[in-house]
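Residue numbers (this note's numbering): 164 to 734.
Ideal Cβ placement from N, Cα and C applies to all residues, glycine included.
Working notes, structure below.
As structure tokens, then:
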């Protein structure tokens, strides 16, 4: 990789960053300090003016007694004392501040030249916010940017009390806003000067440090750059090696690294030649061994193919014999099942014959029972017809009785009171006749239904007799078929016994053949397995030789590349 061209210098960059940081910090501190000092100075001015105004108000209240008054000539009085400009003029000389005294809200005396006083000028009236805070609320009040005689002032107004504790006026201590701003600007310029001085000192210190470190840094950079080109014939200056800072550590470490690299490169050059020779020798040996191994592998492959073919043939014979054995076992199982089925069929046919005999006997009993049932049903049907005739007779009798009861009721009604008892009896007889008639109607319905059902039953019995006769014929035919089946089952049982004996003999022969093939198959499989293992071992050996040959080639290539890389350095 090519070295990048760099034009910047580390030490100079560090010093420039340090100077920039110090400059930024100095500017920030100057800004913050200027703001804080300006605020503090304004607070100090406010406190000074506040103290001066309150002190003047207290002195007036303490020294003079009596009420406040402003006469027609705009002279301010407190009791018998008239206030004139000399009083506040002396205070101005002592403190350097301007003062004013107000009567109520009228400016009566002031130290500001050109500022009007008294009632004759509207400019002498105090602003409403000042008057409200000081006179009405008895509070001190700080006012900025207050225009007096065309100039802006900042001042504090304090209330002045009379002997009764009432506010009679105000005192004011004030100062030009321009003077305050001038002092603040002076402080800011002083802070800026200090910041610039600090920055210059830092720059000077940075230049000194840069000059003291630049030579050592240049020597170290030149030496390391020479090492980067592969030339290890470098020397570090004594000044750089004797330094106790990080530059001295870098120079000493780089010098030690150069000496160690020279030793390592000398050893590496010697070893790379030895490695190249050893790789070439190893490659030749591996090539010869691989050729011999390939010949052995070819011979073993031929043996392996023959052994595998023999093992496959034996295995095929074993499989065929095993299949024959399986078929024989299947035949034996089928013959056993056939014998079992023949025995079961013989037993079943015997049971069927017995069941048929019982069925024929029961069928004859059923026929006889059906004849008896038919006779009984016919007898029942005749009795029902006779009952129906008797019921019709009873119906006629009940009808006549009902007519007689009606006639008796009519005659009893004609007889009057003498026939009343007879009328009651006639009514009862009429009701009994009606009930008897209704009962006979019900009986006739039941008997009619019974006769219908009896006739249906007679027809059903006739049909059943026909079915039983047909069933008897089928049973006799089935019995003849069962006798023929018993004879056939006995013949099948004898044949299955003969087949079973022949299959036993065939199975014994199969077992002997299977044992011989099994022994031969085991030997063939062992031979095939041995040849396969030998072939696999030879293949692994060939692969190992190829890996050795490839590794030796790579080793020679690495040795050549190492020589090329080492040749980059000049020791």
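At a Cβ-Cβ threshold of 7 Å, residue 558 and residue 600 count as neighbours. The beta carbon of residue 220 sits closer than 6 Å to the beta carbons of 321, 323 and 334 from its chain, once the five residues preceding and following it are set aside; these are given in chain order.
Beta-bridge partners of residue 296 (DSSP): none assigned. Here the stretch 510–529 does not lie against the stretch 610–621, with fewer than 3 beta-carbon pairs under 8 Å apart. Looking at the backbone, the Cα of residue 327 and that of residue 209 are separated by about 29 Å. The stretch 626–635 makes no contact with the stretch 573–583, as fewer than three CB pairs between them are under 8 Å. Non-local C-beta neighbours of residue 275 in its own chain, meaning closer than 6 Å and more than five positions away in sequence, comprise 261, 311 and 312, ordered along the chain.
For residue 335, DSSP records a beta bridge to 263 and 320. Cβ neighbours of residue 536 within its own chain (closer than 8 Å, five residues either side excluded): 624.
Between the C-alpha atoms of residue 406 and residue 199 there is a straight-line separation of about 45 Å. In chain order, 565 and 568 place their CB closer than 6 Å to the CB of residue 593, counting only its own chain and leaving out the 5 sequence neighbours on each side. It is roughly 22 Å from the alpha-carbon of residue 589 to the alpha-carbon of residue 556.
Take residue 294, set aside five residues on each side of it, and the residues of its chain with a beta-carbon closer than 7 Å to its own are 268, in chain order.
Following the DSSP letters along the chain, one finds residue 255 inside the alpha helix (DSSP H) bounded by residues 248–258. Contact between the stretch 245–255 and the stretch 354–364 is absent, with fewer than three C-beta pairs closer than 8 Å.
According to the DSSP assignment, residue 306 belongs to the beta strand (DSSP E) that extends over 304–311. The C-beta separation of residue 216 from residue 303 comes to about 7 Å, placing the pair in contact by the 8 Å criterion.
For residue 291 and residue 309, the gap between their C-alpha atoms comes out near 13 Å. When secondary structure is reduced to three states using DSSP, residue 359 falls in the helix class. Residues 245 of the same chain have their beta carbon placed closer than 7 Å to that of residue 238, with the five preceding and five following residues left out of the count. Taking a C-beta distance under 7 Å as the contact criterion, residue 596 and residue 561 qualify as a contact pair. Shown here, residue 580 sits in a helix according to DSSP, grouped into three states. Within the model, the alpha-carbon separation for residue 211 versus residue 233 is close to 29 Å.
A straight-line Cα-Cα distance of about 12 Å links residue 507 and residue 515. By the beta-carbon neighbour count (other beta carbons within 10 angstroms, threshold 16), residue 493 is exposed.
Under the three-state reduction of DSSP, residue 232 is assigned to strand. Taking the Cβ atoms as the reference, residue 319 lies roughly 4 Å from residue 213, within the contact range of under 8 Å. In the DSSP annotation of this structure, the continuous segment of the beta strand (DSSP E) that includes residue 271 starts and ends at 269–273.
Within a 10 Å sphere around the beta-carbon of residue 265 sit 16 or more other beta-carbons, which makes this residue buried. Residue 497 has its alpha-carbon roughly 16 Å from the corresponding atom of residue 486. Residue 330 sits in a strand when the DSSP states are folded into three classes. Residue 227 has its alpha-carbon roughly 20 Å from the corresponding atom of residue 301. Beta-bridge pairing by DSSP links residue 314 to 311. When only Cα atoms are considered, residue 348 and residue 341 end up about 10 Å apart. Leaving aside the five residues that flank residue 190 on each side, the residues in its chain whose CB is nearer than 7 Å to its CB run, in chain order, 358.
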